[in-house]
Amino acid sequence: MGAPGIVRDDVAAGHDDVDSLRLEWAAACNVGSVREANEDAALVRPGLFLLADGMGGHDCGEVASAKALDVLAHIAVGGGQDETRDEIDRLLAQAQDEISEIDTSSERRAGTTATGAVLVNHEDAPHWLVFNIGDSRTYCVRDGVLEQVTVDHSQVQEFVDAGMMTAEEARVDPRRNVITRALGAGMVTPRADYFAFETQPGDQLMLCSDGLTGELPDAEIAAILADTDSAQDAADALVEGALALGAHDNVTVVVVRVGSGAGVDDEAATDDDSDAEPADQDDA
């Protein structure tokens, strides 16, 4: 049995109050229009958002992504930035060991990508600590501007970095599925990249597998995130957009919208209404 909160072949939505923030979230995971099996999965916990895209063939990729999320589900929310990074490194190593033990029916080794965002406390302010291994991505929308936070670990990304192709050319290049880092997949040591930035009300985070970005360019993703009224509407529209273009791979999306938490609103209301008369019960 997988960890509670894992989403596969399903849609889930909700909201959580974490410290001074309200996090409205939605996760959508779809097998797509071509693949027989869904090797993607996502996991949502209060202040913790994870996504994994498995590889290794039927069943093996599904098992690998589930094992990764089972282990990473133990990341603690609200700790210090450096301590949390150390904890993620430890859990990634544990996930690597468990995935490496998966038996496969071919020479392909089971493996998975992973990306995630966890709320941490840094310099007395909430921050996102984002990590990734592979080509699943985390984006942030701030002040209406979509920015890719993570950098793909892929062959075509290396070509982009070397100036040999553009990002748009890389998006449709036939070598785009060749990744250079993964959990499992015969790799010896998991090496994640980390990114940290202060959390601000009004931000949107989006985590996705390459089944989304292989179909939709960033400009269209940004337009969908801007034109939808809720995290669930955004997640649904992004998956529908990928399906409309063929959805040649599994498609998984997690959207998180950041607002002020209920505790902040209640405290402000108490301060503002300190001299006001109590409301009549009939008006409540």
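Note that the numbering used here gives residue 117 to position 50 of the sequence shown, counting from 1, and the numbers run on in steps of one. Backbone N, C-alpha and C fix where the C-beta goes; we use that ideal spot for every residue, glycine too. Remember, it's a predicted structure, so these values are computed and weren't measured experimentally.
*Own chain partners of Asp83 with C-beta closer than 6 Å, once the 5 adjacent residues on each side are dropped*: Leu90, Pro113
(request) Quick one: using the 10 Å Cβ neighbour count with 16 as the cut-off for buried, is Leu312 buried or exposed? (result) exposed
| Can you round the beta-carbon distance between Ala309 and Gly278 to whole angstroms, since I take them to be within the 8 Å contact cut? | 6 Å
| Leu274 versus Val227 - alpha carbon distance | If I take the Cα positions, the gap works out to 21 Å.
Given this structure, state the Cα-to-Cα distance separating Arg287 from Glu168, to the nearest angstrom. A small correction: the amino acid at residue 287 is Glu; Arg does not occupy that position in the sequence shown. Linking Glu287 to Glu168 through their CA atoms gives a straight-line distance of about 40 Å.
Check: The beta strand (DSSP E) spanning Ile200 covers which residue range?
Finding: 192 to 200
**Asked** CA-CA distance, Thr247 and Arg324?
**Response** 31 Å
Task: Chain-order list of residues whose beta-carbon lies under 7 Å from that of Gly330 (same chain, five-residue window excluded) - done: The pLDDT assigned to Gly330 is 49, lower than 50, so where the model puts this residue is not dependable; a value taken from the coordinates is nonetheless given after this. Only Asp84, Ser87 meet the Cβ criterion.
### Message
Taking 9 Å as the threshold (C-beta atoms), are Gly123 and Ala160 in contact?
### Response
Ala160 is not a Cβ neighbour of Gly123, given a cutoff of 9 Å.
Review point. Which value, in whole angstroms, describes the spacing of the CA atoms of Val101 and Val318?
Key: 11 Å
Paired residues, beta bridge with Arg324 - DSSP
Glu91, Gln271
State the DSSP-derived secondary structure class of Gly128, mapped to helix, strand or coil.
helix
Exercise. Taking the DSSP output, what are the residues bridged to Gln215?
Worked result: Partner(s): Tyr206.
Original post:
Does the stretch 254 to 267 come close enough to the stretch 149 to 166 to have 3 or more Cβ pairs within less than 8 Å?
Top reply: Short answer: they touch.
Start-to-end residues for the alpha helix (DSSP H) that takes in Val306
298 to 311 is the span of the alpha helix (DSSP H), which, as asked, contains Val306.
message = Can you confirm whether the stretch 233 to 241 touches the stretch 140 to 158 when touching is taken to mean that 3 or more C-beta pairs between the two stretches lie within less than 8 Å?
response = Contact fails between the stretch 140 to 158 and the stretch 233 to 241, because fewer than three Cβ pairs, one in each stretch, are under 8 Å apart.
Quick one: is Glu214 buried, meaning 16 or more other Cβ sit within 10 Å of its Cβ, or exposed?
With fewer than 16 neighbouring CB atoms inside 10 Å of its own CB, Glu214 falls in the exposed class.
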